[in-house]
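Student: What follows is a single structure, and I will ask about it in a moment.
Numbering (this note's numbering), first residue to last: 120 to 614.
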């Protein structure tokens with residue numbers, strides 16, 4: 120602490136390295152905190168305050184002053200203290216609600232009390248809660264809990280209601296292997312009280328979903344394979360009455376891609392989320408007789424039905440597993456598919472990666488997809504293929520190639536991989552390679568041979584198992600708000 124300029128140097132080096140979150144202590148001089156804030160780039164600044172004295176009091180003017188000082192140069196405000204009495208946890212919760220009311224535009228607030236007596240605050244904190252894991256040899260801070268312990272505590276306090284989740288599958292997807300065992304294992308490992316069940320729908324008939332969605336305990340569902348919005352609404356007309364008669368909210372991804380593979384329920388206040396409460400909540404020590412009735416508050420909670428698409432996020436995560444998103448910015452890509460429906464999530468992922476141009480083969484892009492995508496050029500002749508091969512510079516050739524073509528058309532994929540091979544530039548380093556993602560659900564010899572050809576042609580190969588695992592990760596995040604490691608999904612799936 121006697122050399123703040125050394126902190127400054129190291130923290131700025133972390134920004135240069137692209138570290139996602141930078142912990143900037145509040146005791147650092149303001150000019151250093153200001154400089155880091157203005158030069159943070161894509162990093163996020165956490166204004167951190169720690170008090171280990173055991174004398175810090177949340178109702179004090181000092182706590183208010185710390186929060187006010189933190190607001191100016193922070194993406195997230197973090198305040199940590201050691202307490203001596205259990206009642207101080209309730210003082211923290213009052214402080215949390217108070218600053219939320221008084222500073223509606225302040226950054227997200229993360230605050231916990233350390234030690235065993237402060238563990239309840241870790242369960243009640245909703246932003247950036249530090250956690251541990253049973254397999255770690257020691258905990259990083261006094262009183263840290265695992266994610267499972269926090270979820271169990273929330274469930275016992277009634278803050279994590281038990282919900283029913285479903286996997287809506289078809290016969291074909293069940294044959295390929297379904298995700299149900301993984302979801303059940305995750306719910307158990309994470310200490311979630313939810314139930315999970317698999318329902319097999321009839322081919323081309325998504326009827327009956329409305330009965331699930333209307334259950335008071337319905338928490339969400341994944342659809343494998345996904346279905347179009349029009350098909351869902353046609354076979355489930357009662358869904359039009361959802362969300363007070365406005366129908367389900369459709370995310371931009373589901374609208375553009377044209378496929379819904381995730382159905383979510385979000386519970387919130389019936390009032391506008393940006394509205395400011397009329398008064399500061401009563402202190403836990405000075406509760407007013409005219410305080411709102413808790414039962415009335417529950418009645419004001421509304422459940423919002425949301426249709427989303429997670430498959431494009433799985434593709435995006437697979438493509439950025441070993442590369443940063445910026446590696447794709449301004450580059451070109453190639454998408455091979457038999458239909459526009461198969462290509463839609465890939466093209467949406469290309470847009471998110473800021474790809475400058477997309478070459479396509481095997482399908483005609485729909486008008487809705489074309490309006491929401493980078494410039495698209497279809498390979499319709501050998502001349503167009505030759506133009507892409509003989510670009511003015513190296514960046515003109517496709518940097519990433521994504522194929523959804525099945526084994527029967529693997530010869531076409533291999534031909535294009537060889538056509539865009541980098542002659543004499545394959546040194547075995549992933550950082551110098553382009554990217555090939557094979558989304559065909561065939562873990563057979565042909566897929567292995569295609570991956571080998573891609574590697575020899577200067578492409579780092581990724582398979583359908585990579586994308587499927589990341590899609591499961593994203594589905595879990597959308598449905599229950601929990602982050603599950605990709606490596607755990609691959610291990611659980613046996614791939």
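Positions of the beta carbon are idealized from the N, C-alpha and C atoms, including for glycine.
Everything numeric in this text was worked out from a predicted model, so none of it was measured.
Here's a check: name, in chain order, each residue in its chain whose Cβ is nearer than 8 Å to the Cβ of residue 203, leaving out the five neighbours to either side.
Tutor: Only 173, 236 meet the Cβ criterion.
Student: DSSP has residue 478 in a bridge; who is on the other side?
Tutor: Looking at the DSSP assignment, residue 478 forms a beta bridge with 453, 496.
Student: Under the three-state reduction of DSSP, which class applies to residue 219: helix, strand or coil?
Tutor: Reduced to three states, the DSSP call for residue 219 is helix.
Student: According to DSSP, is residue 311 part of a helix, a strand, or is it coil?
Tutor: Correct three-state label for residue 311: coil.
Student: Among all the DSSP beta bridges, which residues are the ones paired with residue 202?
Tutor: Beta-bridge pairing links residue 202 to no other residue.
Student: Under a three-way DSSP split, which group does residue 429 fall into?
Tutor: DSSP places residue 429 in coil when its eight states are reduced to three.
Student: Count the other CB atoms within 10 Å of the CB of residue 313; is the residue buried (16 or more) or exposed (fewer)?
Tutor: Buried, by the Cβ-count rule.
Student: Which of the three DSSP states, helix, strand or coil, is assigned to residue 505?
Tutor: Correct three-state label for residue 505: helix.
Student: In this structure, what does DSSP give as the bridge partners for residue 167?
Tutor: Partner(s): 144, 197.
Student: With a cut-off of 7 Å, does the C-beta of residue 593 fall near any C-beta of chain C?
Tutor: Going by chain labels, chain C is absent from the structure shown, which holds only one protein chain.
Student: Tell me, to the nearest whole angstrom, how far the beta carbon of residue 473 is from that of residue 448; I am working on the premise that it is less than 8 Å.
Tutor: Right, the Cβ-Cβ distance comes to about 4 Å (below 8 Å), so this counts as a contact.
Student: So does the region 250-257 actually touch the region 349-359, counting three or more Cβ pairs closer than 8 Å?
Tutor: Touching, no, given that fewer than three Cβ pairs across the two stretches are closer than 8 Å.
Student: Mind checking whether residue 195 and residue 247 have CB atoms under 7 Å apart?
Tutor: In this structure, residue 247 lies closer than 7 Å to residue 195 by Cβ.
Student: Would residue 138 and residue 162 qualify as a contact pair, given that the criterion is a beta-carbon distance under 7 Å?
Tutor: A contact, by the Cβ cut-off of 7 Å.
Student: Between residue 583 and the rest of its own chain, which residues show a CB-CB distance below 7 Å, the 5 nearest in sequence each way excluded?
Tutor: Excluding positions up to five away in sequence, the list reads 557, 558, 559, 560.
Student: Starting from residue 587, follow the alpha helix (DSSP H) in both directions and report where the run begins and ends.
Tutor: Here the alpha helix (DSSP H) through residue 587 covers 583-599.
Student: Among 363, 333, 606, 475, which has the Cα closest to the Cα of residue 493?
Tutor: That would be 475, whose Cα lies nearest to the Cα of residue 493.
Student: Between the alpha carbons of residue 384 and residue 425, how many angstroms are there, rounded?
Tutor: Their Cα atoms are separated by approximately 6 Å.
Student: Who are the Cβ neighbours of residue 456 in its own chain at under 6 Å, not counting the five residues just before and after it?
Tutor: Contacts found: 462, 481, 482, 523.
Student: Based on DSSP bridge pairs, tell me the residues matched to residue 339.
Tutor: BP columns for residue 339 point to 284, 383.
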